[in-house]
Amino acid sequence: MHTEIIGVVATFIATVLLAIPLGKYIAKVFAGERTMLDFLAPAERFFFRVSGIDATREMDWKENLLALLTINFVWFLYAMVILMIQGSLPLNPDHNPSMSPDLAFNTAISFLVNCNLQDYSGETGVSYFTQIGVLMFLQFVSAATGVAALAVVINAMKERTTDKLGNFYNYFVKTITRILLPLSVIVAVIFLLNGMPMTWEGKDTITTLQGDTVQVSRGPVAAFVPIKHLGTNGGGFFGVNSAHPLENPNYLTCIIELMAQSLLPMALVFALGYYLKRRKLAVMIFSVMTIGFLLLTIPTIMLEVKGNPMITHMGVDTYSGAMEGKEVRFGAAISAYWSILTTVISTGSVNAMHDSFMPLSGMNQMLGMMVNCFYGGKGVGILNFYIFIIIAVFISGLMVGRTPEFLGKKIEAREMKIAILIALLHPFLILVGTALSSYFAAHDTAMGWWFSGKASGWLSNGGYHGFSQMLYQYTSSSANNGSGFEGLSDNNPFWNITAGIVMILGRFLPIIGPVAIAGILAKKKYIPESAGTLQTDTATFGLMVFGVIFIIAALAFFPSLALGPIAEHFSMH
Amino acid sequence: MKSHIFSAIRLTVVLLAVCCLVYPAFIWGIAYFTPSHGKGDTVEVNGKTVGYALIGQSFTQEKYFNGRPSAVGYNAAGSGGSNKGPTNPEYLAAVQAAIDTFAMKNPTVKKADIPVELVTASGSGLDPDISPEAAYIQVPRIAKVRGISEDKLKALIAQHIQGPLFGLFGPSKINVLQLNISLDHTK
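The structure is reproduced here in structure tokens:
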């Protein structure tokens, strides 16, 4: 067991050590400084010329948002159309059918918003054309959208008064060409060397040693999995995601996939510090995030390594931990680490089935998504954290009797209203969705067109755990995470549509809000620091931010967690 | 507004070409230089393909080392775990049944020595591995069925243990298919 713990610690340390230089590099890309990938500049200029875009023209926050939303809408339409006709398109060797409109709606939204909730299974639900041409495409562009939005916000935090906040297209394209594509190629080569397939051939039929005839699904996996993690997307090529032996062949690829998903969210915090030349601020943010992450990770690893007490009670050897839903080649420790990492950042890929984790581990996974900014998703994690900073500045300002200021800009009523609305949106979406579905399940309502049969039929577990399955689904949708308690029958109009709506609102409003706040603040007069300025890069202020996160994110959800995972935990003893 | 729509459509086409044509074609080109040409590594016995190296197979016969329970019966046309919660009564009954079945097939084994992974389903339903303990515990049964000495089987298992990565990171494991192929060649 100790080699499993060493594996986890080494993975975490290696990721942080790599994230620091990468953050410096990203800051240079955003600032337009010289980097070693400058040879790509002619290609980028060519892309802009073909698209009729002047990437040097600085835009205000409204126009940047308009550009972001417009191109996202184009991708949505493209994805919907292809998903609904994929059955008649090429590159479909397994003859998988086209999607129903409600499933296509859910899937298109899901990948567009970087959520990657999957109500289908990769082996039977999509063609290779869809995997590469739609889903992988959206994995690249949705990640770059988040980073570009963050770049606009960071640009707005500079010490000056302006309404020119850079160019969305410039940040967006460079995120793909300078960051995501080069890293994807490196990671893909490592995967290929470890036996991950990259083929356009369909299922293979073999006769096993024991004489059974089985089929084996394959596909262009090695191109798909790198960006799935680097973009914190998390949508699996196969149904069981990175628990599948072809999507995650061994312990080394497990470490690489863990590093790939957490590298950029961490690096972006350092990029903020380098870009603004405010390293103390970056250290404060990173420390709060890391403490929150470890507070969720350590208990989860302990619970999973200890095993399921109800199985221990049966008298077998639970030395290897809670192995239901986990793979022998990974073991309990790194699977527990993965389950928290993938939920604090918005990846949502899994290497073990979350539905079968211990109840309190499941709670920690949900808390990771409820907070949604301990590192957080590509770009949007820091945007969420930014909202909490704004609220913390305001509260601290009131407490000590100083004007609330952040980086030399006064925070006033308009910004506060936006911040509070965005902070409350997340609990609102999750709790309303869960309440609605629980009502139907508890009354066992006949759902008609929305679900074939009675509502309790969508749960694979009764009691507290059944409630957790529904709570998890909306939490994952609103946090744009995409992992699930997969026992929930979610491929039906009720879940496809309600989760789809939660996903759109949970994506675009938390991007629009912070960009708007940053844009409004950037236009205000810059007030140089004085003795009366509230220091926002100190440990005290970090504690304050942590307190705000705890109160807003964690306590808002406490009653629902008490009904689900906490009640289930106590029912075990 | 109008200019953003046309720019968005044109940029989308450009990026489709870069991310969905150039990038996967490049990776596919590199895959050609791997031993399996990217089609997945297969395992052959006497020139006949008996499986994929990374994909677990169902071994239920008593003469073979048995793998873990699978929620999808090791059918790699799909994949899946049980997705049962840890306190689900049906699930706990299934685990108890798996323990009883194992104890019946391996009467000399003490219940306290049965490793939990032999009675719980994997996440993928295609787990190719078991722990070394899970292999050693099946030795008496296989020795009896095949008439091979226990020492010989233990030596065979020892040869097939894959230790932690770089000797430092992660668990030890045994690939069940490889072990059983060697077992078929042992007299």
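So the protein lines, in turn, are chains A and B. The first sequence maps to residues 27 to 599 in this note's numbering. The second sequence maps to residues 3 to 189 in this note's numbering. Note that CB positions come from ideal geometry on N, CA and C, so glycine has one too.
Cβ contact annotation for Val178(B) (same chain, cutoff 7 Å, sequence separation greater than five): Gly58, Phe61, Phe67, Gly69, Pro130, Asp131, Ile132, in chain order. Under the rule that a run must span 4 or more residues, the alpha helix (DSSP H) segments found entirely inside the stretch 68–130 of chain A read 87–111. Comparing C-alpha distances from Ser38(B) to each of Lys550(A), Asp189(A), Leu219(A) shows the shortest one belongs to Leu219(A).
Residues of the stretch 113–136 of chain B whose Cβ lies closer than 9 Å to any Cβ of chain A, in chain order: Lys113, Ala114, Asp115, Ile116, Pro117, Val118, Glu119, Leu120, Val121, Thr122, Ala123, Ser124, Gly125, Ser126, Gly127, Leu128, Asp129, Pro130, Asp131, Ile132, Ser133, Glu135, Ala136. Interface with chain A (9 Å Cβ-Cβ cutoff): Pro109(B) is excluded. Annotated three-state conformation of Glu227(A) is coil, per DSSP.
DSSP, read as helix, strand or coil, puts Ala73(B) in coil. For Leu302(A) against Arg204(A), the beta-carbon gap comes to about 20 Å, at or over 8 Å, which does not count as contact. Taking CB atoms only, Ser38(B) has a neighbour in chain A less than 9 Å away. Distance from the CA atom of Lys549(A) to the CA atom of Lys88(A), rounded to whole angstroms, is 12 Å.
With respect to chain B, the C-beta atom of Leu289(A) has no partner C-beta closer than 9 Å. Here Thr233(A) carries a strand assignment [DSSP, helix/strand/coil]. DSSP lists no bridge partner for Pro540(A). Taken in chain order, no unbroken stretch of beta strand (DSSP E) lies wholly in the stretch 500–562 of chain A with a span of 3 residues or more.
Within a 10 Å sphere around the beta-carbon of Ser5(B) sit fewer than 16 other beta-carbons, which makes this residue exposed. Within chain A, the residues placing a beta-carbon under 7 Å from that of Pro26(B) are Ile158, Pro246, Ala249, ordered along the chain. For a Cβ distance threshold of 9 Å, residue set Thr14, Leu17, Leu18, Cys21, Cys22 of chain B lies close to Phe163(A), ordered along the chain. Inclusion of Phe198(A) and Val251(A) in the CB contact set at 9 Å is not warranted, their separation being larger than that value. By the beta-carbon neighbour count (other beta carbons within 10 angstroms, threshold 16), Tyr465(A) is exposed. At a C-beta separation below 9 Å, Thr369(A) has no neighbours in chain B, since its nearest C-beta there lies roughly 16 Å away. Burial check for Thr110(B): the Cβ neighbour count within 10 Å stays below 16, so the residue is exposed. By the Cβ rule, the stretch 414–425 of chain A does not count as touching the stretch 188–196 of chain A, because fewer than three pairs are nearer than 8 Å. What Asn487(A) touches in chain B, judged by beta-carbon distance under 7 Å, is Lys86, Gly87, Asn90, going in chain order. In its chain, beyond the 5 residues on either side, Ser133, Pro134, Ile163, Gln164, Gly165, Pro166 have a beta carbon closer than 8 Å to the beta carbon of Ser174(B).
Boundaries of the beta strand (DSSP E) around Gln241(A): 239–242. If the five residues before and after Val52(B) are omitted, its C-beta is found closer than 6 Å to the C-beta atoms of Val45, all from its own chain and listed in chain order. Rounded to whole angstroms, the gap between the alpha carbons of Asp145(A) and Gly151(A) is 9 Å. In the three-state DSSP reduction, Pro591(A) falls in the helix class (H, G or I).
Here Ala134(A) is buried: its Cβ has 16 or more other Cβ atoms, across all protein chains shown, within 10 Å.
Using a 10 angstroms sphere on the CB of Ala249(A), the tally of other CB atoms reaches 16 or more, which defines it as buried. Less than 9 Å divides the Cβ of Ile32(A) from the Cβ of Leu170(B). The beta carbon of Asp115(B) is closer than 7 Å to those of Ile139 in its chain, skipping five residues each way along the sequence. Each residue's CA atom was taken as its position, placing Gln236(A) and Ala100(B) some 21 Å apart. Pro223(A) counts as buried, since at least 16 other C-beta atoms from the protein chains shown sit within 10 angstroms of its C-beta. For the 9 Å CB-CB criterion, Ala269(A) and Met379(A) form a contact.
Of all alpha-carbon atoms in Met315(A), Phe477(A), Gly351(A), the one lying nearest the alpha-carbon of Met570(A) is that of Met315(A).
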